[in-house]
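Here the structure is laid out as C-alpha cells; the discussion comes afterwards.
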Amino acid sequence: MSQPYRVPGRGLINRDRSVSFTFDGREIAGYEGDTIASALLANGEIMVGRSFKYHRPRGIVGAGSDDPAAMVQIGSDPASTDPNVMVTTREIHAGLEARSQNCWPSLKYDVGVLNDVFMRFFPAGFYYKTFMGSDRFRWLNWMTFEPFIRRAAGLGKAPTRPDPDSYESVNRHCDVLVIGAGPAGLAAAANAARSGARVILVEEGDRLGGSLNATDPDGTTIGGKAPADWIVAQTAKLAEHPEVTVLTRTTAFGYYAMNFVGLIERVKDHLPEHRRDRRQPRQRVWRVRAKQVVLATGAIERPLVFNENDRPGIMLAGAVRTFLHRHGVLAGKRVLIFTNNDSAWQTAFDIRAAGGEVAGIVDLRRELSETMALRALKAGIAVHPRTAIVGTHGRHRIDSAFVSSLDDDGNVRGSRSRIECDLIAVSGGWNPNVALFAQSRGKLKWDAELASFRPGLSWQQERSAGACNGTMELQEVLAEGSKAGLEAARAADFTVRAVKQPEVETDAVQSLNLVPVWQVPSGLPREKTKAFVDLQDDVKASDLQLATEEGYDSVEHTKRYTTQGMGTDQGKISNVNAFGIMAEARGITVPEVGTTTFRQPYRPVTIGALGGQHVGPHFMPRRGTPMHAWHLEQKAIFEPVGDWLRARAYPKPGESFHDAVQREAKAARTTAGMLDATTLGKIDIRGKDARTFLNRVYTNAWLKLAPGRCRYGLMLGEDGMVSDDGVTACIADDHFHMTTTTGGAASVLQKLEDYLQTEWPDLDVWLTTVTEQWAVAAVCGPKAEEIVASVVDGIDLDPEEFPFMTWQDGTAGGIPVRVFRVSFTGETSYEINIPATYGRWLWEELIAAGKPHGLTPYGTEAMHLLRAEKGFIIVGQETDGTVTPGDLRMDWAVAKKKGDFIGKRSLSRSDTARDDRKQLVGLLTIDGDHVPMEGAQIIGTAEEPAPPVPMLGHVTSAYFSPNLGRSIAMAMVRRGGQRMGETVWIARLGDKPVPAKIVHYDFLGDAVGESA
Amino acid sequence: MKRYSALELIRQGLGGHRGWDRVWRKPEPKPSYDAVIIGGGGHGLATAYYLAKLHGMTNIAVVEKGWIGGGNSGRNTTIIRSNYLFDESAAIYNHALNLWKGLGQELNFNIMMSHRGVLNLAHDEGEMRQLKRRVEANRLNGVDSEWLDAKEVKNFCPSINISGDIRYPVLGGTLQRSGGVNRHDGVVWGYARAADALGVDILQQTEVTGILTEAGEVTGIETTRGTIRTPKVASVTAGHTSVMANMLDIRLPVESHPLQALVSEPIKPILNCVVMSNAVHVYCSQSDKGELVIGAGIDAQLSYTQRGNLDIIEHQMASLMELFPIFSRLRMMRQWGGIVDVCPDASPIISKTPVKGFYVNGGWGTGGWKATPGSGHVFADLIAKDEPNRIAAPFAIDRFTTGALVAEHGAAAVAH
Amino acid sequence: MFVIDCPNCGPRDQSEFTYAGEAHIARPTETENMTDAEWAEFVFMRTNTKGLFAERWWHATGCRKFFNMLRNTATDEIHAVYRIGETPPKVTANLPATPAGEASIGSGNDAVKIMTRDEEAAS
Amino acid sequence: MNATLTAPVRRSPLAHRSAVSAPDDLLHLSERAFDAKIVLRGLPEVLAPAVGKVTGLAMPEATRSTANETHRLLWQSPDEFLLLGPVDGELELMAALTAELDGQHVQIVNVTDYHTTLVLSGPKARETLMTLSTLDLHPRGFALDQVAGTTFGHALGWLVQTRDDEAEGGPSFEILVRWSHADYLFCELTHGARAFGMPEARPVSGEKMEI
Ligand SMILES: Cc1cc2nc3c(=O)[nH]c(=O)nc-3n(C[C@H](O)[C@H](O)[C@H](O)COP(=O)(O)OP(=O)(O)OC[C@H]3O[C@@H](n4cnc5c(N)ncnc54)[C@H](O)[C@@H]3O)c2cc1C
Ligand SMILES: NC(=O)c1ccc[n+]([C@@H]2O[C@H](COP(=O)([O-])OP(=O)(O)OC[C@H]3O[C@@H](n4cnc5c(N)ncnc54)[C@H](O)[C@@H]3O)[C@@H](O)[C@H]2O)c1
Ligand SMILES: Cc1cc2nc3c(=O)[nH]c(=O)nc-3n(C[C@H](O)[C@H](O)[C@H](O)COP(=O)(O)O)c2cc1C
Ligand SMILES: [Zn+2]
C-alpha cells in the first residue's frame, strides 16, 4: 500500500497506525487521523461521486465541511447505511465501507451522464417549461415523467430498516460559548476562562487549532512556539479551569433566539465498531443557553468560476494546504495555482517547500506584489500574471489546463496554451464564515477589500473574532480573539484582566490584495462555457444569467429558479460567487443584490439526533392508573386516551373483542360490572365564593347544591360550544370536588385558573388538582350494593339511604374512601375513590368480593356502550366543538334564570339560536341487527343520489346493545328534535342506505336505573 | 408570451437560450387601476389571473412588498387535498383540486402537480371515528376518499411503521388518491406569468402602507412607491391579514403564528405519498428533488419573525421517528418558518368588509396552499361582482357574529 | 425558545409556559345588552399586532400564575413582564417603520439582512 | 370492618422497580414513597403561624424550601406550598393543619398519593438531570434547598436539592412526580445516565392496542 501522494514527514496523522477501509469495494490504505478524503488523495484518487443533475464527475474540492459535492454512501447494512457523507469530514477507521453514490452502474461509467450530453437542453428551470402535457397529448404530463425524474434525482440511498443507534440531547447553560477553536477561538476561550466563567468551546474538527493545523509548521511561531505546541499549551491552559468544557467533532448548527445555540456532537462515527462505547449515543445534541457567544468560525475560501472548473482535480488552494499540513498529503504531482489574490501563492510556496512540483501560478491580476513575485522566482515557480484558465481537460481527473492572457478590459486575448497539471489549486478569495452570525439575525456589511460580506450589526449577545470577522492576519486574529473572550466574560458579569498577547512571527502570506473576478472569461460564447458555480446542484454561471434575463432577478428568485445554494452544503463556497455573477448580470453591486437567508442548520443534522432520546419507548409517557398492571395481567385490549392508556375490554382466552364487550356490558346490567375510572380529572375547589364560581363556569345552577350532594354540569367555551362535562360534589359549603373528562383535565384546570386569576380575582376560591390522588373503581349493576358493602365500611349503601347523586365518606380496610353515587351507565352505581396507592388493593378486593356475584370488570368500550344505552353523551364523541347544549337537547342543563356564565351570550347569536340546527337524537335501524358505522352520514332518501348528496347529519355513536338485543345509535340530525319517529337513511359505501327511525336517545328509558 | 414546450426548449437549446421572453414585466406603478390586489402570493396572483381572464379586468395590479412567492407560498409543504369535513369546505377545496388538475397546462407552466395520494393516519378510536366520518362526508360530497386499515396503509406506503408496539400504533387511515404535492414556486411563477400576459401589473418591492377611503369607500392605496387610486382593494396577505385590516380599523379573528418546515438532504425515492398524522404530529412527503419535506407545528405565540424555535423541530423529529424509524439517519438540511394567519374555526375568510371596496382573503392558516386556485377563482368573482358566489359565501366575516362557523379543526388540525 | 422571566419564579425556558393570547381583553359584564357583533369582538376579534404587543402567558409547570408580557412581535424581543391587572409599562422598541415592514434589525426577514448605507456611515 | 378483606396494601407507583446505582457511587436512583404530601394554598403570612406550630418550619422564600429532620416545605407559588412530612403521616398532618387554619382563606389538600418522590443522588446527578431539564442545574444555577417546578422530558415534576454538593456522596435531588409519570421519569433518568454505567430501565409497555 504505497500511498504515492503521501509526503514524508508532514501531517498530523499517526503514521504508526495504518488504517484501511474500502471505497467502492477496493481497499484503501491510510493512517489514523486521515479523513476518507485525505486517504483517497494519498492514494491518488480524487473523484468520488457524480453531480446531482448532469451526473458529471465530482472530486474533492474542500478539506472540511465546506466541500460542495464529494459525498459517499457509508456502509451497506440496510439499517445503518449513511447516505451523503462528506468524505472531507468523515474520519477513517477499520471496517469503514464507502461507496460512490448517484451513479449507475459505476462511478466511472454512469448512464446518468446522458443528462450531461444533453446539458444544453436542460438549462436552469427547464422542467418548468415542459412536461405539462399538451392539448393533444394530455397524458404527456407530469404524472408520466415524474417517476423518471425522481429516480434520477436524489443523491444517496436511505436506510430501509430502523436505525440501530441511539441519540440523546442534553441541556447546558454557560456564560461564554466560543464557537470555533482556531487561533481566534482558542484565544477567546483562554481569556474568558481566566475569569472563572463557565466556558464552552466547540470545534467542528477532530482537533483544536483550526487553520493553524493547516499552516506550514516551520513558517510560523506564536509566542516563540510552533503552532502545534502553542495549541497544546492553550489546550493545557483550558484544562486548568474546571468550568471549561471543550467539545471537538461538534458543530454549532443553529443559532436561535435568546442565545440558544444547538450543537451536534459526533460521538462515535469515527471509531471502529469494537471501540464504540455502547453506553454512549451515536450523536448528541447540546442545547446550550449562553449568556454570551464568541463566534470564531473562520473564513471559507471561494473558488473561481471558470470554464470547465468542475472536473475532479480542481481544488481550493487552502484545501491543498490543509491536506498537506494536516494530513501529509500533496493532492497532485504537478499543481497549477489559479487565483485572484495573494493567499493562494502560499500554496505554491508550501508545495515547493514540501518538495512538490508547481506547474505555475496563473493569476488574474495585473499588479502583483514584488515580494511575492520574488519568492516565486526563488522557488522556481512560473508566474502568469493577467492570465486566466479558460478550459481544462481530463475525464475523471484533469490532466491539463488551457490558459489565455487577458486584455485591459479583462477579455481573453490571444491564443490558448496548455499547461499540464493533475491538480489545480484555486482561490477566488475568502468569505468570512458569517452563517451563525446571520442566523442570530445580525446584519451583514459588504467589505470591498474582501469582496465579501462580514458581520455588521449584532442583534444578540455575540461578537465575532478572527477570520469570520474579516480579520486575516494571525497577530490581529489572536488579539481580536483575546479581546472577544474578555469582553464576553465581562458582559456575563465576570471580572478579568487582560494579559500580554503572544508575538507572532511568520513568513506566511498574510496579504490578500484581492481583485474580484466573479466569472473568469473563457473567450467562448455563453452557451459553450461550462463554468460551474454550485458544484452540487450543477448551477452554471449561464444559468444565473439566464434566470436574470428571464426576470427571475431577485436573489431569492434566482436561487429558487436555478437551485443555487440549495444543496446539502447550502452554497458555503458558492453563494458569494453567485451573488457576484447576479450583480454583474443586473448591473448592480453585490450588496444591492443582497444575500439569500442563512438558515439553520449550518451543516446537516441527523434527524435521529434531533429527536434525541425522546423516541421509541421514551417518546411519550405511557400514563397508567394504579390498576394498570392488573389490566395488563388480564391481557386487556387498551386504547390511548390522550397520553393515558386505558383498558378497553378484557377478552377471555379465545373470546373476540366484540364478544367481550357484549359480555361485559351485559354483566353490568344483569349482575355487576366494574370500571377503572381513575383517569377522570379531579379538582379540589375551596373558598367562600366557590359556589359563585361554579355558577359561572357551568351552565346550570349551583347556588343551592347542598353538602353531600352531586350535580352534573356542562361547561362551554365563550363561543357557546360544549367543551367539557362532569359531576361535581359539594363537600362543604365552601368546598367542592369537581370531575372533568379524562382528556379535558389539564385544559379545564388552566381555564379555571385563568378566569380566577384574570377575570374574577375578587372571588375567594382556591383550586388544586387531585386527579392522581385518587384511584377510582366504579361498581355498578344490580349486585353492586352487595359487593361494595362487603368492602366498604361506615356507609349504609342502601339506595334509599344513600340516594343517587350523593356522596359519603367511609373506609375500606380502615383506609378512608369517598363513595359517589353517580352513574354513567344508568345502573345503581358506586364510584369508590381511594388514595391512589391503595387503588390496586381495593380493586382486587372488589374483584374477590364480587366473584360470587358475577362481578365483571369492563373496559371503556363497554362503558361507551352502557352510557349510550342510557343516552349519556361523551364530550368529543357526540360533540366536536360545534355543538351547543341545545343541540344536544340538554336544555335542562342550562339555567335560564341565573346570571352570566361562560359562553352564555353566544347561545343567543342568530345562528346558534336557529331551530334547524343539527340535534342529538337516537337512531334505531329498522333492521335491528345492523350496527351503523360511527361517522356514517345520514341522508333523507332511500336511494343515494349522485354527489353532492345533501347530508342531514351523522352517526356519533353506534353499538349492538346486548341489553336491548338490537343496535342503537346516537346521531346529530338536522332539526332532529322535531323529527321523532321519522325515518332517515344511513348512507353506506357501495350499498343501499339503511333506514332508521329517529327516537329519543335514552334507549333504556326511565324503566332502567337512574337518570340525572 | 412565448409558449413553453419541449420543442421550444430544444430550439432555444440550439440557440443558446437567448430567445426566452421575460416571465413578467417590471412595470412602473400606474396612477390608478380598476382594482389592486395586495399580496403577491399564490392566492393574490391567482386572484389577479382570474380577474383578468374571466372578468376582463386587466387594468389591475398585484402589489407585493417583497418578491412574489416570498410569503407562505414559498414556504409551505405543498400538500394538496380536499378531504375536509363540512360541505362548505369540501366545496371550496374540491373546486381548487379540480382546478389544480389542469393548471399546468392552462398556465403553460409545469407546476409539477403530482397526485401521489395523501394518507391521513388514525391512532386511536376517536381519530378513527372522526376520519371515517370525514371519508363518508367526502364520498357524499363527491370528494375521492377511502378508508384503509393498517395493513392497507402499509401496502400503500411501505415505509411507514405500523408495528403494534409503538406509542400510538397506526390503526388505519384515509387515503385521497387525487391529493398530492406540487412545486410551490412554479405555481406562483406560472400564475404571475399568465397574469402578466393578460396585462396585470405585478409590482414587486412595493409595500402597501395605507388604504385610502372617502365616506366609507375605498379610493386608493398608499405604497412605498407612491399613491395609487383604485376603487377596489383586495388584501391577500396571509400572515399580514390583520395588519392590512387594522389600517381600516377593522379587527379580524386572526392570529399570526410562526409555522416551520424543513427538508432533509436529498435521497433516492423512499416515500411514495404524502403522510399526515394528528396524534403523532407528522406530515411528510418527498419532493421531486429527493428531499423529505417535513412540516412542523406552529409556535404557540404570535410572531412576525418568520422563524420558529428548535424545540418544535426536535419534537417533530421525534414524532417522525415513531412513524418512520428508517429516516433516523437522514439529515435535516434546512429549516425555515412562515407566518400563518390562523382563524378560530380553522377556516378562511373570503369576504367583503364594512368598508365598501375593501375585500379580504386570508385566515388560511396552516393549510391554504391547497386552495390557491379555488381561492383565487372565487375571490376574483367576489371582487368583480361585489357579491360572494355560492362557494365563497360561507366564508364571510359575519360568521363570527352569527356563529355560523365552519369548524374544521378535525380536518385541519395537523398543520399543512 | 424564549427565556421568560416569570414574575414569581425568575427566568425559565419557554417550555415551562403556555401562551394565553392577547392581553387586556376584559370580559364584558353586561353581555345581555350587547349586540352579537359586540360580543364577537370579545370572543374572536384580535389586534394581532405587528410590533409592541401585550400578551398573556401562564407558567404552567411552575407557579401556575398568569402574567402579562410586552413583546415586539416583529423581532420577538421581550421588553417587560408585569402582573395581571397592571398596565403595560412604557418601553422603547425597535419597531417597523411601516405597518407591514420589518424592524431595522432583529426580524430576520428579507429586508434586514444587510446594513444600509446610513447604518454603515453611523457605525 | 369487613372480615373477608385482606390487610390493605399500599403500593407505590414504582413498586415494580428497585433502586438502581451506577458503579463507583456515581449515581443512585430510588423511589421514596408515601411521604406525607400536603398542598397549602394561601398567603404565606396566613399560613406561617400554623405551619410553624405544626411542623416547626418557617415559610420558604420564593423558589426555595425550608426543612428540618421531619418536614420539608416547598415554595410553589406566592400562594402555594407543598409540605412533605413523615411517611404515612398525612392524615395527622391534615388534621393538625386543618385545625390550626380553620376559617381562614386557605386550602389544604392531601396529595400524598398524587406524587411519589424520586431520589437522585451522586456526583453525576446534575449531569443526568441535564439530559431532561432546561433548568440551569450547574451548582451556580441550582443550589441546596432550591425548588423548581419544571418539565423532565415529557414529565412534569418539582425538583428540590436536598443534599449539598460538598456532602459525602455528592448532591442529592428529589423530584416529586405524579403517579402516572413516575415510571417514565424513572426510566428516562436511567436512560440519561447510561453513559455513567447506570443500568437502563425500559418503560413498562406491552399494552395490546389492536383488536
Ligand atoms: C411551513 C408551512 C407549511 C405549510 N404547508 C401547507 C401545506 O402543506 N398545504 C397547504 O395547503 N397549505 C400549507 N401552508 C399554508 C399555505 O402556505 C398558505 O395558506 C398559502 O400559501 C397562503 O397563500 P397566500 O398567497 O395567501 O399568502 P402568501 O404567499 O403569504 O402571500 C402574501 C403576500 O402578501 C405580501 N404582503 C404582506 N403585506 C403586504 C403589504 N403591506 N404590501 C404588499 N404586500 C404585502 C407578503 O409579502 C406575501 O408575499 C403552509 C404554510 C407554512 C408556513
Ligand atoms: N491568508 C488569508 O487570507 C487567510 C484567509 C483565511 C484565514 N486565514 C488564517 O486563518 C486564521 C483565522 O483564524 P480563526 O481562528 O479566525 O479561524 P480558523 O479557520 O482557524 O478557525 C475556525 C474554526 O472554526 C471551526 N468552525 C467553523 N464553523 C463551526 C461551527 N459551526 N461549529 C463548530 N466549529 C466551527 C472550524 O472547524 C475551524 O476550526 C488566521 O491564522 C488567518 O491567518 C488566512
Ligand atoms: C417544498 C419546499 C422544498 C424545498 N427544498 C429545498 C431544497 O431542496 N434545498 C434548500 O436549500 N431549500 C429548500 N427549501 C427551502 C427554501 O430554501 C427556503 O428556505 C424557503 O423557501 C423559505 O425561504 P427563506 O429561507 O429564504 O426565508 C424548500 C422549500 C420548500 C417550501
Ligand atoms: Zn412562575
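Protein chains in written order, with this note's numbering: chain C, 2 to 1013; chain G, 112 to 527; chain B, 16 to 138; chain X, 20 to 230.
We put the CB at the ideal spot given by N, CA and C, even for glycine.
Rounded separation between residue i and residue j - CA only
i, j, result
"G1/C", "V823/C", "A query on residue 1/C cannot be resolved here, the shown segment of chain C reaching from 2 to 1013 and no further."
"A586/C", "Q546/C", "6 Å"
"E135/B", "T320/G", "26 Å"
"E550/C", "R133/G", "7 Å"
"A691/C", "L445/C", "59 Å"
"C24/B", "G168/X", "9 Å"
"R561/C", "A326/G", "44 Å"
"S540/C", "V391/C", "Checking the displayed sequence, the identity of residue 540/C turns out to be Val instead of Ser. Approximately 18 Å between the Cα atoms of the pair."
"D17/C", "R376/C", "35 Å"
Proximity test, Cβ basis, 8 Å: residue i and chain B
i, result
"L195/X", "no"
"N92/G", "A question about residue 92/G goes unanswered here, because the residues of chain G that appear run from 112 up to 527."
Chain C within 8 Å of residue i, Cβ atoms only
i, result
"S346/G", "no"
"K227/X", "yes"
"Y160/G", "no"
Residue i beta carbon near ligand 4 (any heavy atom closer than 7 Å)
i, result
"N23/B", "yes"
"G77/B", "yes"
is_contact[residue i, chain X] using C-beta, thresh 8 Å
i, result
"D410/G", "no"
Residues that residue i contacts on chain X, provided the C-beta gap is smaller than 7 Å
i, result
"P436/G", "Result: empty, since nearest Cβ-Cβ is about 16 Å, beyond 7 Å."
Within chain G, the residues that residue i reaches when beta carbons sit closer than 8 Å
i, result
"D734/C", "The contacting residues do not exist; D734/C stays about 37 Å from chain G at best."
Near ligand 2: residue i beta-carbon under 7 Å from a heavy atom
i, result
"A182/C", "yes"
"E204/C", "yes"
Neighbour-count burial assignment, residue i, 16 or more Cβ in a 10 Å radius
i, result
"S344/C", "buried"
"F580/C", "buried"
Contact list for residue i against chain B, beta-carbon separation under 9 Å
i, result
"D422/G", "M16, D28, Q29 and S30"
"K463/G", "Per Cβ cutoff of 9 Å: no residues; K463/G is ~15 Å from chain B at best."
Residue i: CB within 7 Å of a non-hydrogen atom of ligand 1
i, result
"M355/G", "yes"
"T188/G", "yes"
"T285/G", "no"
Residues that residue i contacts on chain C, provided the C-beta gap is smaller than 8 Å
i, result
"V134/G", "E551, G552 and Y553"
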